[in-house]
Amino acid sequence: MEKTVQLYEGKAKKVFATENPELVIVSYKDDATALDGLKKGTIVGKGAINNRMSNYLMQILEKKGVKTHFVEELNDNETVVKKVSIVPLEVIIRNISAGSFAKRFGVEEGIVFAEPTIEFSYKNDDLHDPLMNSYHALALGIATKEEIDTIKSMAFTVNEVLKEYFIGLGVKLVDFKLEFGKTADGTIVLADEISPDTCRFWDAETNEKLDKDRFRRDMGGVEDAYKEMMHRVFGE
Ligand code: ADP
Ligand code: UDP
117 MEKTVQLYEG KAKKVFATEN PELVIVSYKD DATALDGLKK GTIVGKGAIN NRMSNYLMQI
177 LEKKGVKTHF VEELNDNETV VKKVSIVPLE VIIRNISAGS FAKRFGVEEG IVFAEPTIEF
237 SYKNDDLHDP LMNSYHALAL GIATKEEIDT IKSMAFTVNE VLKEYFIGLG VKLVDFKLEF
297 GKTADGTIVL ADEISPDTCR FWDAETNEKL DKDRFRRDMG GVEDAYKEMM HRVFGE
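Read in order, the letters of the sequence shown correspond to residues 117 to 352 in our numbering.
In structure tokens, the structure reads:
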């Protein structure tokens with residue numbers, strides 16, 4: 117499978133067309149951004165770690181019946197995926213309070229919820245990804261009621277599968293962001309990536325942060341945190 121033209125360059129990945137109109141190649145970069153794009157930097161080795169980890173997790177999810185865009189890993193940084201029309205919602209699941217949740221509701225980080233929460237943000241950089249509920253998404257024609265129900269149910273299944281998987285590696289899955297897309301035949305599949313860029317991972321014993329928060333918050337040890345997650349997942 118060969119790349120043809122570049123279709124898109126985002127903050128963390130590039131997307132290329134292929135000879136097959138139903139497939140695209142995503143190429144993961146080491147570039148990192150945070151704080152609504154204000155903070156920019158490089159995390160050496162991130163592209164390969166996120167690519168390989170995301171592909172591995174999507175294959176675990178497929179085995180549990182979650183449809184994903186994953187097709188084939190080409191090399192450390194590049195993967196063939198089903199081309200989808202992205203539903204412009206960032207779907208955020210939380211198991212433990214952190215980040216914008218803690219800030220918005222004036223609570224500390226680390227409160228373990230009895231039940232996971234779900235929220236949507238409208239994926240729109242110009243509007244700074246505003247929080248949106250499912251009625252807003254419906255009103256704006258972003259997705260149908262059935263699609264929203266499917267997305268919610270898939271997102272909670274992803275959470276159950278990944279929470280259990282990561283706790284086995286001594287990692288708490290605090291919260292994460294998912295994106296879903298529609299294939300040519302209208303099927304909703306899990307798309308984009310699942311990685312330390314898009315999840316909060318805390319060491320189960322020490323609560324040490326093993327994710328992009330180290331970059332967002334200038335904590336240092338960013339590369340080591342990504343490498344540690346790679347080590348837990350692949351033993352490398
Ligand atoms: P951003 O657009 O937020 O800067 P990235 O740098 O990760 O994000 O760019 C990747 C882009 O590709 C995102 O806009 C994402 O929604 C989109 N994307 C992810 N998976 C697919 C897919 N299977 N088909 C088409 N587009 C996808
Ligand atoms: N997240 C993401 N992309 C975004 C916003 C959030 O991947 O544009 C992830 C983030 O890594 C975290 C979860 O979604 O795992 C919840 O993020 P939060 O709303 O707390 O926002 P933040 O504190 O990152 O601004």
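Using N, Cα and C, we set each Cβ at its ideal position, and we do this for glycine too.
None of the values given here were measured: they were computed from a predicted structure.
For residue i, the nearest candidate out of the options (CA to CA)
i: Val-131; options: Phe-236, Val-287, Glu-339 and Ile-202; result: Ile-202
i: Pro-204; options: Leu-154, Val-196, Glu-295 and Thr-233; result: Glu-295
i: Asp-192; options: Ala-164, Glu-206, Ile-208 and Lys-199; result: Ala-164
i: Asp-308; options: Ser-250, Gln-122, Glu-263 and Lys-129; result: Lys-129
i: Lys-119; options: Thr-134, Lys-343, Met-248 and Thr-184; result: Thr-134
i: Lys-279; options: Met-270, Val-290 and Ser-269; result: Val-290
i: Asp-327; options: Arg-316, Lys-179, Gly-337 and Arg-333; result: Arg-316
i: Gly-336; options: Glu-324, Ala-320 and Val-140; result: Glu-324
i: Asp-245; options: Val-287, Ala-218, Pro-232 and Val-207; result: Val-207
i: Ser-311; options: Lys-145, Leu-123 and Gly-181; result: Lys-145
i: Ser-143; options: Thr-158, Gly-126 and Pro-137; result: Gly-126
i: Glu-194; options: Asn-166, Val-182, Gly-181 and Leu-247; result: Asn-166
i: Thr-314; options: Arg-332, Lys-219 and Ile-141; result: Arg-332
i: Asp-147; options: His-347, Asp-242, Lys-162 and Leu-177; result: Lys-162
i: Ile-212; options: Lys-198, Ala-320 and Phe-229; result: Phe-229
i: Arg-254; options: Asp-241, Leu-243, Phe-236 and Ser-269; result: According to the sequence shown, residue 254 is Leu rather than Arg. Cα-wise, what sits closest to Leu-254 is Phe-236.
Which residues DSSP lists as bridging residue i, in chain order
i: Ile-264; result: For Ile-264, which the question treats as bridged, DSSP gives no partner whatsoever.
i: Ser-201; result: Lys-298
i: Ser-143; result: Lys-130 and Glu-194
i: Glu-225; result: Answer by DSSP bridge pairing: none, since Glu-225 is not bridged.
i: Phe-282; result: Answer is none; Phe-282 lacks a bridge partner.
i: Thr-158; result: Asp-147
i: Val-121; result: Val-121 pairs with nothing; no bridge assigned.
i: Val-277; result: Beta-bridge pairing links Val-277 to no other residue.
i: Thr-184; result: Leu-306
i: Val-287; result: Asp-319
i: Ile-258; result: DSSP lists no partner for Ile-258.
i: Lys-293; result: Ile-208
i: Glu-189; result: Thr-195
Check: residue i C-beta below 7 Å from any heavy atom of the ligand UDP
i: Gly-215; result: yes
i: Thr-91; result: Look at the range of the chain in this structure, 117 to 352, and you will see that residue 91 is not part of it.
i: Lys-156; result: no
i: Thr-314; result: yes
i: Ile-208; result: yes
i: Asp-291; result: yes
i: Lys-261; result: no
i: Asp-245; result: yes
i: Lys-328; result: yes
Query raised in the report: If you measure from each residue's Cβ to the nearest non-hydrogen atom of the ligand ADP, which ones come out under 6 Å, in chain order?
Result: Tyr-124, Gly-126, Lys-127, Ala-128, Lys-129, Val-131, Val-140, His-185, Val-197, Lys-198, Lys-199, Val-200, Ile-202, Glu-295, Gly-297, Ala-307 and Asp-308
Query raised in the report: Can you list, in chain order, the stretches of the beta strand (DSSP E) that have 3 or more residues and sit fully within the region 228-255?
Result: 228-238
Query raised in the report: Where are the alpha helix (DSSP H) runs, 4 residues long or more, that stay fully inside the region 318-348, in chain order?
Result: 329-332
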